[in-house]
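Enquirer: Numbering (my numbering), first residue to last: 83 to 236. One structure, pasted below without further comment.
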């Protein structure tokens with residue numbers, strides 16, 4: 083084994099799109115996120131969750147980067163958290179079932195996933211959680227890796 087991290091990327095795109103609109107950015111650029119993550123390791127799993135009928139302009143760039151689009155259509159019964167719930171279930175399934183993944187990258191604009199982060203760190207000491215934050219001044223992404231002890235690592 084060459085020691086390279088093997089990442090699983092989960093994108094809460096509905097929340098990201100809402101944040102992009104509120105911040106009045108022109109568009110979310112997935113390329114910037116992936117370039118930063120590729121500095122940390124190989125991205126084995128790439129998934130983005132949303133009602134993709136609402137975000138058709140993003141389908142092509144996501145497909146070009148081999149990101150699996152998980153369609154979670156909104157309905158009046160399912161509520162706004164359907165994509166969040168599906169993402170959590172998929173991440174936990176991957177954490178428990180696929181031992182070749184040693185790091186998780188969660189891209190979202192809210193703290194809804196704090197319990198997921200805690201569970202991933204609790205269950206698998208070898209796993210790292212990578213979070214992405216956008217620097218408002220430079221427009222670049224800052225990567226923070228959380229260790230099992232809850233501390234920050236490079």
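The beta-carbon is built from N, C-alpha and C at its ideal position, and this holds for glycine as well.
1. Our contact map puts residue 175 next to residue 194 with C-beta atoms below 8 Å; I'd like the distance itself, whole angstroms only.
2. Where does residue 150 fall in DSSP's three states?
3. Note down the Cα distance separating residue 182 from residue 197, rounded to an integer number of angstroms.
4. Just mark residue 148 as buried or exposed, buried being the case when its beta carbon has 16 or more other beta carbons within 10 Å.
5. Give me the residue from 89, 108 and 87 with the minimum Cα distance to residue 139.
6. Here's a check: name, in chain order, each residue in its chain whose Cβ is nearer than 6 Å to the Cβ of residue 116, leaving out the five neighbours to either side.
7. Closest by CA to residue 89, which one among 170, 126, 100 and 152?
8. Leaving out five residues before and five after residue 92 in sequence, what residues of the same chain have Cβ atoms less than 6 Å from its Cβ?
9. Answer with buried or exposed for residue 163, where buried requires no fewer than 16 other C-beta atoms within 10 angstroms of its C-beta.
10. Under a Cβ-count criterion, where at least 16 other Cβ atoms within 10 Å of its own Cβ denotes burial, should residue 96 be classed as buried or exposed?
11. Are the Cβ atoms of residue 152 and residue 178 separated by less than 9 Å?
Expert: So, from the listed chains and residues:
1. As a first step, residue 175 is located in the chain shown; it is residue number 93 there, counting from the start. As a first step, residue 194 is located in the chain shown; it is residue number 112 there, counting from the start. With a Cβ gap of about 18 Å, residue 175 and residue 194 do not count as contacting.
2. Position 68 of the chain shown, counted from the first residue, corresponds to residue 150. Shown here, residue 150 sits in a strand according to DSSP, grouped into three states.
3. Here residue 182 corresponds to residue number 100 of the chain shown, with the count starting at 1. Here residue 197 corresponds to residue number 115 of the chain shown, with the count starting at 1. Cα to Cα, residue 182 sits roughly 22 Å from residue 197.
4. In the chain shown, the residue the question calls residue 148 occupies position 66. Looking at its Cβ environment, which holds fewer than 16 other Cβ atoms inside 10 Å, residue 148 is exposed.
5. To locate residue 139, count along the chain shown from 1; it is residue 57. Nearest of 89, 108 and 87 to residue 139, Cα basis: 108.
6. Counted from its first residue, the chain shown places residue 116 at position 34. So the list reads 147, once near-sequence residues are dropped.
7. As a first step, residue 89 must be located in the chain shown, where it is residue number 7. Of 170, 126, 100 and 152, the residue nearest in Cα terms is 126.
8. Walking along the chain shown from the start, residue 92 turns up at place 10. Once the five neighbours on either side are set aside, the close Cβ partners of residue 92 are 129, 169, 173 and 188.
9. For the purposes of this step, residue 163 is identified with residue 81 of the chain shown, where counting begins at 1. Under a 10 Å Cβ-count criterion, residue 163 is classified as exposed, with fewer than 16 other Cβ atoms of the shown protein chains found around its own Cβ.
10. Taking the first residue of the chain shown as position 1, residue 96 is located at position 14. Residue 96 is classed as buried because its beta carbon has at least 16 other beta carbons within 10 Å across all chains shown.
11. Position 70 of the chain shown holds residue 152. Position 96 of the chain shown holds residue 178. Contact check for residue 152 against residue 178 fails: the beta carbons are separated by 9 Å or more.
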